[in-house]
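In full-length UniProt numbering, the protein residues as written are 1 to 492.
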């Protein structure tokens, strides 16, 4: 039976079909209309995306095969961390709806009262109502290039964005349910810009005119903030996804953080925050957010390690090979691919594409560690400083690049396997370093900082080493004039 309909603005929606809840607390139309919980094998099957491939395509002309290489970007190989993201998003949705049962008298009274106060412009997010939010925030913080946004979008594809309710348990229930909305944090952390983006997105999905009302009436940001809470309640919004949250570290970010906390506490709206490692320090220093996060899911996503998870990822794309003669994946090739990408999945896919393109265009029709290194050296020139920092494993060098900061995950994102002999020795070295870290962590970065030519701090270091006044070194380096020239009346 077809259960899809189209809203007047053309948006595809799904007629709510209620599943018998596995837990009594889930007896709520907003929860029962969501896709039922599935097992891990079913999640893997749903998330996996494999574009078409025919081995006979390897016999096509060179220019055709080069164009076929772009199919590599359509592959989605499921890794353990993708299952964590799936479970986190579904958990946020369900937990947020627990306290928002539309047939609960206390909740209905809360919605009516807040709506009335917003219209009268007397609503305040800090007001005390007979409503206890069950919503929380989730965080997905990870290294750039690991596919955070792609993974979130892949999970959301399996959650109907709009559900239409007509009748529940033989009771009339006319309601449009908006399960999720995804926004991007404004580059300047502007709260007003985020509010307007929210209204535009909701209007685009449901065909409403919230944005026009806000702009034409020149309403204040405070009114917009309160209106978002009302729209979230009216549309039964399930979760708000906020990407690029590293922008919150900019000036004005604190105001936006206050807004997010009020949505969780007062409106009962779950929020998923997605960003790079540079945003993690924000939450470490914000108790309000940290308290809300303490009981929710946190996924920290580092680059892949040289282990079976990296090989699993590589095997997922390796069969998509358009060389005349198929080259099997060997340990040497795995090692070379990891060495040149340091486990950043986006770079792995791109390097595999570039290597095949190079081999096809130069008539080599093969893949070797030497070709991998040659292509990487040419294609990743701008990435060299970052990749070299990752190769050292030195946290101080890696910390120079905010998007690469190593996160200490509470849960492992991959399962380690015995590494090659060289890697084992490296691991031992890392272990020894870790044991002696308490005595070196403070002094080591100070001793090893190598200021470049032209850096004034270099002069102050030399002055300290030679036990002379800093102005003496600055004068010798030509940064300042000889003061005796002026004290002698301009005569040398």
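Where is the CB? At the ideal position from N, CA and C, for every residue including glycine.
Quick one: grab the DSSP three-state call for residue 8.
By one-based count along the chain shown, residue 8 stands at place 8. DSSP places residue 8 in the coil class of the three-state scheme, outside both helix and strand.
Rounded separation between residue 320 and residue 44 - CA only
To locate residue 320, count along the chain shown from 1; it is residue 320. To locate residue 44, count along the chain shown from 1; it is residue 44. Whole-angstrom Cα-Cα distance: 20 Å.
How should residue 90 be labelled, buried or exposed, when 16 other C-beta atoms within 10 angstroms of its C-beta is the threshold for buried?
Here residue 90 is taken as the residue at index 90 of the chain shown, counted from 1. It counts as buried.
Exposed or buried, what is residue 16 when buried is set at 16 or more other beta-carbons lying within 10 Å of its beta-carbon?
Taking the first residue of the chain shown as position 1, residue 16 is located at position 16. By the 10 Å Cβ count, residue 16 comes out buried.
Thinking residue 270 and residue 93 are a contact (beta carbons under 8 Å), I'd like their distance in whole angstroms, please.
Taking the first residue of the chain shown as position 1, residue 270 is located at position 270. Taking the first residue of the chain shown as position 1, residue 93 is located at position 93. Contact holds; Cβ gap of about 7 Å.
Can you grab the Cα-Cα spacing for the pair residue 396 / residue 248, in whole Å?
Numbered from 1 along the chain shown, position 396 holds the residue referred to as residue 396. Numbered from 1 along the chain shown, position 248 holds the residue referred to as residue 248. Cα to Cα, residue 396 sits roughly 24 Å from residue 248.
Beta-carbon gap between residue 38 and residue 86 smaller than 7 Å:
Counting from 1 along the chain shown, the entry for residue 38 is found at position 38. Counting from 1 along the chain shown, the entry for residue 86 is found at position 86. No, the Cβ-Cβ distance between residue 38 and residue 86 is not below 7 Å.
Have a look at residue 234 and residue 208 and give me their C-alpha separation to the nearest angstrom.
Along the chain shown, read from residue 1 onward, the residue named residue 234 stands at position 234. Along the chain shown, read from residue 1 onward, the residue named residue 208 stands at position 208. The alpha-carbon atoms of residue 234 and residue 208 are separated by roughly 12 Å.
Can you tell me the Cα-Cα spacing of residue 98 and residue 65, whole angstroms?
For the purposes of this step, residue 98 is taken as residue 98 along the chain shown, with counting starting at 1. For the purposes of this step, residue 65 is taken as residue 65 along the chain shown, with counting starting at 1. Between residue 98 and residue 65, the C-alpha separation is close to 52 Å.
Name the residue from 362, 138, 197 whose alpha carbon lies nearest to the alpha carbon of residue 275.
For the purposes of this step, residue 275 is taken as residue 275 along the chain shown, with counting starting at 1. If we check each option's Cα against that of residue 275, 138 comes out closest.
Contact under 7 Å by Cβ, residue 36 with residue 19:
Taking the first residue of the chain shown as 1, we reach residue 36 at position 36. Taking the first residue of the chain shown as 1, we reach residue 19 at position 19. Using a Cβ distance threshold of 7 Å, residue 36 and residue 19 count as a contacting pair.
Use the C-beta contact count for residue 405: other C-beta atoms within 10 angstroms, 16 or more gives buried, fewer gives exposed.
As a first step, residue 405 is located in the chain shown; it is residue number 405 there, counting from the start. When all chains shown are included, residue 405 counts as buried.
What did DSSP end up calling residue 499 once you bin it into helix, strand or coil?
Shown here, the chain extends from 1 to 492; a query on residue 499 therefore has no answer.
Looking at the structure shown, is residue 33 part of a helix, part of a strand, or coil, going by DSSP?
Counting from one through the chain shown, the residue named residue 33 turns up at place 33. In the structure shown, residue 33 sits in coil (DSSP, three-state: anything other than H, G, I, E or B).
Does residue 298 come out as helix, strand or coil in the three-state DSSP assignment?
As a working mapping, residue 298 is identified with position 298 in the chain shown. Strand.
Could you tell me the alpha carbon to alpha carbon distance between residue 6 and residue 163, rounded to whole angstroms?
Along the chain shown, one-based indexing puts residue 6 at 6. Along the chain shown, one-based indexing puts residue 163 at 163. Roughly 11 Å separates the two Cα atoms.
Between residue 184 and residue 243, how many whole angstroms is the CB-CB distance? I'm expecting something under 8 Å.
One-based indexing of the chain shown puts residue 184 at position 184. One-based indexing of the chain shown puts residue 243 at position 243. For a cut-off of 8 Å, the C-beta gap from residue 184 to residue 243 is around 5 Å, short enough to register as a contact.
Between which two residues does the alpha helix (DSSP H) carrying residue 226 extend?
Taking the chain shown and counting its residues from 1, one reaches residue 226 at position 226. Element bounds for residue 226: 221-234.
For residue 69, the three-state DSSP class (helix, strand or coil):
For the purposes of this step, residue 69 is taken as the residue at position 69 of the chain shown. Judged by DSSP in its simplified three-state form, residue 69 adopts helix.
Given that a residue counts as buried once 16 or more other Cβ atoms are within 10 Å of its Cβ, and exposed if not, what is residue 422?
Counting from one through the chain shown, the residue named residue 422 turns up at place 422. With a pLDDT of 37 at residue 422, under the threshold of 50, the modelled position of this residue cannot be trusted; read the value that follows with caution. Residue 422 should be labelled exposed.
Apart from the five residues on each side of it in sequence, which residues of its chain come closer than 6 Å, Cβ to Cβ, to residue 201?
In the chain shown, residue 201 corresponds to position 201, counting from 1. If we look at residue 201 and ignore the five residues flanking it on each side, its Cβ neighbours are 181.
Counting only the same chain and skipping the five closest in sequence on each side, list residues whose C-beta sits under 8 Å from that of residue 366.
The residue given as residue 366 occupies position 366 in the chain shown. For residue 366, where only same-chain residues beyond five positions count, the Cβ hits under 8 Å are 323, 325, 327, 359.
Please name the residue or residues paired with residue 139 in a DSSP beta bridge.
Residue numbering aside, residue 139 sits at position 139 when the chain shown is read from its first letter. Its beta-bridge partners are 273, 298.
Residues near residue 192 by beta carbon distance below 6 Å, same chain, minus five either side
Along the chain shown, read from residue 1 onward, the residue named residue 192 stands at position 192. The answer, listed in chain order, is 221.
Can you name the residues that DSSP bridges to residue 76?
In the chain shown, the residue the question calls residue 76 occupies position 76. Note: residue 76 sits in a beta bridge opposite 49.
Name the two residues that bound the continuous beta strand (DSSP E) containing residue 165.
The residue you call residue 165 lines up with position 165 of the chain shown. Element bounds for residue 165: 162-168.
Over what stretch of residues does the alpha helix (DSSP H) that includes residue 257 continue unbroken?
On the chain shown, residue 257 is found 257 positions in, with the first residue counted as 1. Taken as a continuous stretch (DSSP letters only), the alpha helix (DSSP H) holding residue 257 covers 253-265.
C-beta contact flag for residue 168 and residue 21 at 7 Å:
The residue given as residue 168 occupies position 168 in the chain shown. The residue given as residue 21 occupies position 21 in the chain shown. Not closer than 7 Å, so no.
Buried or exposed: which applies to residue 62, given that a residue is buried once 16 or more other Cβ atoms fall within 10 Å of its Cβ?
As a working note, residue 62 is residue 62 in the chain shown. The Cβ neighbour count for residue 62, taken over all protein chains shown within 10 Å, is under 16; the residue is labelled exposed.
For residue 173, count neighbouring C-beta atoms within 10 Å of its own C-beta (all shown protein chains included) and say buried if the count is 16 or more, exposed if not.
Along the chain shown, one-based indexing puts residue 173 at 173. With a threshold of 16 other beta carbon atoms within 10 Å, residue 173 falls short and is exposed.
Identify every residue that forms a DSSP beta bridge with residue 184.
Reading the chain shown from its first residue, position 184 is the one you call residue 184. DSSP output for residue 184 lists 243 as bridge partner(s).
Quick check: what's the CA-CA separation for residue 341 versus residue 351?
Locating residue 341 in the chain shown gives position 341, counting from the first residue. Locating residue 351 in the chain shown gives position 351, counting from the first residue. Put simply, the backbone Cα of residue 341 is about 8 Å away from that of residue 351.
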